Amino acid sequence: MTIWTPTTVGAIELPHRLAMAPMTRDRSRPDGVPTDLNREYYRQRASMALIITEGTQPSDDGQGYLLTPGIYTEAHIAGWQEVTSAVHAAGGRIVVQLMHTGRISHPDNTPHGRQPVAPSAIQAKGAMFTASGLRDMPAPRALTTEEVAGVVDEFRQAASAAIAAGFDGVEIHGASGYLVHQFLSSNANQRTDQYGGSNRNRIRFAVEVASAVADEIGAGRTGLRVSPGNPYNDIVEHDTRELYPVLVAALAPVNLSYLHLVHGGDEDLLRDLRRAWPAALLLNRAGAPFDARVADLDAGLADVITVGTLALANPDLPARIRAGAPMNEADPATFYGGDHRGYTDYPALAAASR
């Protein structure tokens, strides 16, 4: 079966092709420093081909949610060093996902209490959970043209910090309605400068961020996650079949290690991007049966498949699949926030058999 054959993703050698997708879990310290509990959570899942961490803010402006980790202070770096050392000691590989949430934020959730920043001053629909309960998403402040370069540099500096923290690489979060995706979108980006309007302008920020990170840490350790057509966090994209091929073509000279595609159901677009993308393609077909995901590998539509909830609930997922063993059931009530329950207490096969 293709899933168990080794492969190389840029500079990272993988023993098989089943990776752990990034999942927000909201269990870091209030200052964004990873904890011993975070270390144990990732260590338990070291048998995955590659671990992609939860979204991690590259700056204080980049934070959207409570108790998410950062990677822009010395304390953050020290906390993550504990995590990466534990994963590597257990034989695993781990990259950090850099997530700037843009307008999907609230002043109550950030260290400085400032208004969120975004491509345009357009409020997202919906509410944000804060320490004082659900609050309407606030209207963001539009970044000036000059400020955009500063945000690009925040990603670059965070990537440098990630390597200092021992990560094997960096994934840029360009999906799910967060800042990079907001620049790509039809509705959140109403700019009239070089970052808005045409497809080539709307992809510019994503390409600049990817180029800056690749220049800083090496393209072979840099990936990008995208989710064409995903309406999550009030995103509208009317032209995915035109926009994303333009993005892929513009990224080709950067030589990224991988593209992580969250499949939204457009099979033609998936095949178009598969043909056009020159490097490894990681595919997340969320909600699909596992056999269908494996079929994507066997058909050559993906080089690696990523799974979220399965890895969350089964710390020894590869061993369970190989053994044909039953799976633990995930507990959605413990997905976000809390303690070890629903986080590090899912049993491995050996523990479950005792």
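Be aware that the sequence shown starts at 1, since it is given in the UniProt record's numbering, and climbs by one per residue.
Yeah, the Cβ is synthetic: ideal placement off N, Cα and C, and Gly gets one too.
Predicted, not measured: the structure shown is a model, and the values here were computed from it.
Exercise. For S353, which residues from the same chain have a beta carbon less than 6 Å from its beta carbon, with the 5 sequence-adjacent residues on both sides left out?
Worked result: Bear in mind that a pLDDT of 48 at S353, under 50, signals an unreliable position, so the number given afterwards is only what the model happens to contain. Contacts found: none.
Exercise. When burial is assigned at 16 or more other CB atoms within 10 Å of the CB, is I182 buried or exposed?
Worked result: Checking the sequence, you will find Gln at residue 182 rather than Ile. Answer is buried; the Cβ neighbour count reaches 16.
Exercise. Run through DSSP, which three-state label would S353 get?
Worked result: In this prediction, S353 has a pLDDT of 48, which is less than 50 and means its spatial position is unreliable; nothing more can be read from the coordinates.
For this session: Would you mind reading off the limits of the beta strand (DSSP E) that contains T56?
Result: Taken as a continuous stretch (DSSP letters only), the beta strand (DSSP E) holding T56 covers I51 to T56.
Problem set entry | Straight-line gap, R285 to P278 (C-alpha atoms, nearest Å) | C-alpha separation (whole angstroms): 20 Å.
Exercise. Cα-Cα, which of D266, L134 and E329 is closest to Y65?
Worked result: For the residues D266, L134 and E329, the minimum Cα distance to Y65 belongs to L134.
For this session: Could you work out which residue in R156, R103 and G113 is closest to L179 when comparing CA atoms only?
Result: When each option's Cα is compared against that of L179, the closest is R103.
Problem set entry | Sheet register partners of A142 (DSSP bridge) | According to DSSP, A142 shares a beta bridge with A118.
Problem set entry | Buried versus exposed call for E154 [16 or more other C-beta atoms within 10 Å across all chains shown] | Classification of E154: buried, given that the 10 Å Cβ count is 16 or more.
Exercise. Hey, L98 and V170 are a contact pair by Cβ (cut 8 Å); roughly how many whole angstroms apart?
Worked result: Indeed they touch by this definition, with Cβ atoms about 6 Å apart.
Exercise. So, L243 versus L283, is the Cβ gap smaller than 8 Å?
Worked result: Contact annotation: L243 and L283 have beta-carbon atoms that are not nearer than 8 Å.
For this session: Starting from the Cα of A161, find the closest Cα among F335, D303 and Q57 and give me that residue.
Result: For the residues F335, D303 and Q57, the minimum Cα distance to A161 belongs to Q57.
Exercise. Taking the C-alpha atoms as reference points, what is the distance between residue 360 and E82?
Worked result: There is simply no residue 360 to check, as the chain begins at 1 and stops at 354 in what is shown.
For this session: Look at the Cβ atom of V236, then the Cβ atom of S198, and state whether they are nearer than 8 Å.
Result: Taking 8 Å as the Cβ cut-off, V236 and S198 do not qualify as a contacting pair.
Exercise. DSSP on L270, reduced to helix/strand/coil?
Worked result: Note: L270 maps to helix in three-state DSSP.
Exercise. Name the DSSP beta bridge partners of Y7, please?
Worked result: According to the sequence displayed, residue 7 carries Thr and not Tyr. Paired residue(s): L14.
Exercise. When the Cα atoms are used, what is the spatial distance from N201 to G91?
Worked result: G91 has its alpha-carbon roughly 42 Å from the corresponding atom of N201.
For this session: Would you mind giving the Cβ-Cβ distance between G265 and A11, rounded to the nearest angstrom? I have them listed as a contact below 8 Å.
Result: 32 Å between Cβ atoms; not a contact.
Exercise. At which residues does the beta strand (DSSP E) containing Y258 begin and terminate?
Worked result: If you look at Y258, you'll find it in the beta strand (DSSP E) that goes Y258 to V262.
For this session: For R27, count neighbouring Cβ atoms within 10 angstroms of its own Cβ and tell me buried if that reaches 16, exposed if not.
Result: With 16 or more Cβ atoms within 10 Å of its Cβ, R27 is classed as buried.
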